[in-house]
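K.L.:
Numbering (this note's numbering), first residue to last: 1 to 129.
I am attaching a structure below and will ask some questions about it afterwards.
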């Protein structure tokens with residue numbers, strides 16, 4: 001804003017609703033927050049994806065099931081035990097390194113497999129080799 005003598009007035013410029021200099025409107029505050037939330041979720045997914053894929057591999061190797069069936073078993077067990085899928089994946093992959101698989105998880109995974117595949121899981125469930 002200019003003063004009567006042609007110099008620029010001090011203080012903030014009035015909001016005229018004009019576009020930003022680049023020609024794009026800045027995102028609304030709630031839109032920016034939504035983008036930050038989405039970015040955080042994507043970062044977390046990238047960090048947890050490897051252990052989830054390893055857990056799928058454990059189930060596939062143990063029961064000779066398809067990747068889709070292994071995924072469904074993990075999701076079903078997660079939902080039925082109200083446990084985050086990545087936590088289940090960490091416990092399953094840990095069992096391949098000699099860590100004991102908790103009884104509640106063994107039972108949940110076996111039940112989920114029976115529900116998904118329509119048949120009891122071969123053996124007693126995933127075991128370290």
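Just so it is clear, CB atoms sit at the ideal spot from N, CA and C, and this is done for glycine as well.
Owing to the predicted nature of the structure, the values given are computational and were not obtained by experimental measurement.
Could you pull the start and end residues of the alpha helix (DSSP H) that residue 93 belongs to?
P.N.:
Residues 85 to 95.
K.L.:
Decide yes or no for the touch test of the segment 41 to 51 against the segment 82 to 89: beta carbon pairs closer than 8 Å, at least 3 of them.
P.N.:
The answer is yes - the segment 82 to 89 touches the segment 41 to 51, with three or more Cβ pairs under 8 Å.
K.L.:
Which value, in whole angstroms, describes the spacing of the CA atoms of residue 104 and residue 90?
P.N.:
Near 15 Å, if we compare the C-alpha coordinates of residue 90 and residue 104.
K.L.:
Using the Cβ count rule (16 or more neighbours within 10 Å means buried), how would you classify residue 92?
P.N.:
Looking at its Cβ environment, which holds 16 or more other Cβ atoms inside 10 Å, residue 92 is buried.
K.L.:
So, at 6 Å on beta carbons, what are the nonlocal neighbours of residue 17 in its own chain, with the 5 sequence-adjacent residues on each side left out?
P.N.:
At residue 17, the pLDDT of 49 sits below 50, so the modelled position is not reliable; the number obtained from the coordinates is stated separately. None.
K.L.:
In whole angstroms, what is the alpha-carbon distance linking residue 56 and residue 68?
P.N.:
Near 9 Å, if we compare the C-alpha coordinates of residue 68 and residue 56.
K.L.:
How would you write the range of the alpha helix (DSSP H) that residue 66 sits in, first residue to last?
P.N.:
Note, residue 66: premise wrong, no alpha helix (DSSP H); not H, not E.
K.L.:
For residue 31 and residue 40, what's the separation of their Cα atoms in angstroms?
P.N.:
So the alpha carbons of these two residues sit roughly 14 Å apart.
K.L.:
Given this structure, state the Cα-to-Cα distance separating residue 115 from residue 36, to the nearest angstrom.
P.N.:
Looking at the two C-alpha atoms, the distance is approximately 38 Å.
K.L.:
So, with DSSP's three-state summary, where would you put residue 99?
P.N.:
Note: residue 99 maps to coil in three-state DSSP.
K.L.:
Which of helix, strand or coil does DSSP assign to residue 118?
P.N.:
Three-state DSSP puts residue 118 in coil, outside helix and strand.
K.L.:
I'd like to know whether the C-beta atoms of residue 112 and residue 76 end up nearer to each other than 9 Å.
P.N.:
Contact: yes.
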